[in-house]
């Protein structure tokens, strides 16, 4: 088999397998005829009916706002705390036990507590909950990234008497950025999960809420439509982030390409 | 050894633990974290006792730990604890058994990897929590659902790490093995598997945390027996002392899982200290 036919076959498989999965789902559900597993066509019709776009503003937008705000606050807090912790061994020693404990905490354990302490079941509590757990990947990566910066860089900047605020902005932050961005990608995936969890618990709007309510009222079509929507949301946010990352870190990729490890 | 004024650079990575500091490590690396923890606990006590946040919302630190202490003396707490650990262990175990062989297949065949790329890329970012309502209706509120959820969540990091690990095997080593006449199976067990162990170990560490979170989540939202169910009950009856005590306990369980798996990972990688990459 020539190289070209092999490549063509591979691309064919890449297209055929997902299609086969979808067709198999449709055939199996037609055959099983179970209300718990509606046909693919039914799900798609339901999806279009609910989310394009009659309930989009009422349910999807609140969820997106929560993800966006929680993610932004979590990332900002992670970087702001991570830089000083990365630079100072003293601060690290003071903070590490707390970081180790809270990052290992299964998030849902704090859902009831967050409702009690923040006296809120609305955006305040949801955003705070998402932000808190989004903070950790960025925080840990920032600390590690700053610790890993080539000391020659920092020392050079210091010997040129570049003031510390400039040193942080021009040397430390750019050098740490690739690893911080890797943390941000994990945080974004976490943000979607935390959004769903927080909307399962004491919520009045959002896609997680719709999912739970559809289940509770045995509306299986809408339930599946919500599952598909959240899956798409996770997929699209990740894809968007990768796109943005490629643009923002183009300088880094170019640099890596010419200088081997 | 003299105390170096500059950090030591070795093999491309920067080591901040200069040899001389190893002798000073003892007091500051034990005392400072201890002080910091004691300080935080004291602050918690103070905030609650002075009613900065009312004691009904935030039980004092001492109250919460007393509640934890009395919980630890009940059998039902330990049964719940075992239920959670069982859900975690089964989920992680099944995920490992499924994901590692599949990852080896997908990692060693470019064709298979391309064929399943789209379904994997699409299923992986799906938050496992969306399956909860579905599991409610299909498997029911029992251990099966809990294990399914934990398995589903733990499967993806392990699969992806294994794939990357297998793909990252030094082709020179494989070719050498081939020219020494090693068969397919031997190449797999002697070259591919050992050299992808670091990746698989990292995947196992990530998955172990995910599996615990999902086992707990299943208990909290579906009411399968375990610590999550206890939190749900404490919340429903407004027992905030117990709520905080349980959260503390769950936090320590998470910490224990993380520390144990990290220690195992370090042990497994003692022979292979470099070349470890977090790709998930």
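Chains as they are written, first to last, in our numbering: chain A, 462 to 722; chain B, -6 to 273. Where a beta carbon is used, it is the ideal one built from N, C-alpha and C, also for glycine.
- Within the same chain, no residue comes within 7 Å of residue 622 (chain A) by CB-CB distance, once the 5 residues on both sides are set aside.
- The Cβ of residue 671 (chain A) sits no closer than 8 Å to any Cβ of chain B.
- Exclusion of the five residues before and after residue 57 (chain B) leaves 234, 237, 238, 241 as the residues of its chain whose Cβ lies within less than 8 Å of its Cβ.
- The DSSP assignment places complete alpha helix (DSSP H) segments of no fewer than 4 residues inside the stretch 154 to 181 of chain B at 164 to 172, 177 to 180, in order along the chain.
- Contact note: residue 31 (chain B) does not reach chain A at a C-beta cutoff of 9 Å; the least C-beta distance is about 10 Å.
- Residue 80 (chain B) places its beta carbon less than 8 Å from that of residue 136 (chain B).
- Burial check for residue 183 (chain B): the Cβ neighbour count within 10 Å stays below 16, so the residue is exposed.
- Residue 234 (chain B): member of the alpha helix (DSSP H) spanning 233 to 261, first to last residue.
- Neighbours of residue 131 (chain B) across chain A, judged by C-beta separation under 9 Å: 497, 498.
- Here residue 179 (chain B) is exposed: its Cβ has fewer than 16 other Cβ atoms, across all protein chains shown, within 10 Å.
- By alpha-carbon distance to residue 706 (chain A), the top candidate from A:656, A:638, A:676 is A:638.
- Around the beta-carbon of residue 494 (chain A), fewer than 16 other beta-carbon atoms lie within 10 Å, marking it exposed.
- Contact annotation for residue 108 (chain B) against chain A: 474, 475, 478 [CB-CB distance below 7 Å, chain order].
- Separation of the CB atoms of residue 107 (chain B) and residue 474 (chain A) is rounded to 6 Å, and the pair is thereby assigned contact status at 8 Å.
- The C-beta distance from residue 540 (chain A) to residue 641 (chain A) rounds to 6 Å, short enough to meet the 8 Å contact threshold.
- Around residue 484 (chain A), the same chain offers no residue with a beta carbon nearer than 6 Å, after the five sequence neighbours per side are excluded.
- Approximately 4 Å separates the beta-carbon atoms of residue 244 (chain B) and residue 566 (chain A); this is inside 8 Å, confirming the contact.
- Leaving aside the five residues that flank residue 660 (chain A) on each side, the residues in its chain whose CB is nearer than 6 Å to its CB run, in chain order, 667, 669, 670.
- Rounded to the nearest whole angstrom, the C-alpha separation of residue 193 (chain B) and residue 104 (chain B) is 22 Å.
- Residues of the same chain with a CB within less than 7 Å of the CB of residue 476 (chain A), apart from the 5 flanking positions on each side, do not exist.
- The C-alpha of residue 251 (chain B) lies about 11 Å from the C-alpha of residue 204 (chain B).
- Here residue 651 (chain A) is actually not in contact with residue 698 (chain A); their C-beta atoms are around 11 Å apart, not less than 8 Å.
- Within the same chain, and ignoring the five residues on either side of residue 87 (chain B) in sequence, the residues whose Cβ sits closer than 6 Å to its Cβ are 144.
- In the three-state scheme derived from DSSP, where H, G and I count as helix and E and B as strand, residue 200 (chain B) is classed as helix.
- Residues 74, 77, 78, 205, 220 of the same chain have their beta carbon placed closer than 8 Å to that of residue 246 (chain B), with the five preceding and five following residues left out of the count.
- Annotation: residue 624 (chain A) is outside any alpha helix (DSSP H) and is labelled neither H nor E by DSSP.
- Contact between residue 217 (chain B) and residue 211 (chain B) holds, with the beta-carbon distance rounding to 6 Å and staying under 8 Å.
- Two segments are said to touch when three or more pairs of C-beta atoms, one from each, lie closer than 8 Å; by this definition the stretch 164 to 171 of chain B does not touch the stretch 34 to 53 of chain B.
- The stretch 503 to 515 of chain A and the stretch 677 to 692 of chain A touch, with three or more beta-carbon pairs separated by less than 8 Å.
- Interface with chain B (8 Å Cβ-Cβ cutoff): residue 621 (chain A) is excluded.
- For residue 546 (chain A), the closest alpha carbon among the candidates A:465, A:602, A:588, A:479 is that of A:602.
- In the three-state reduction of the DSSP assignment, residue 44 (chain B) falls in the coil class.
- The way I'd put it, the stretch 518 to 535 of chain A does touch the stretch 576 to 590 of chain A; three or more beta-carbon pairs between them come closer than 8 Å.
- The alpha helix (DSSP H) runs of length 4 or more contained entirely in the stretch 25 to 81 of chain B are, from start to end of the chain, 54 to 65.
- Any Cβ of chain A closer than 8 Å to the Cβ of residue 22 (chain B) would place that residue at the interface, and such an atom is present.
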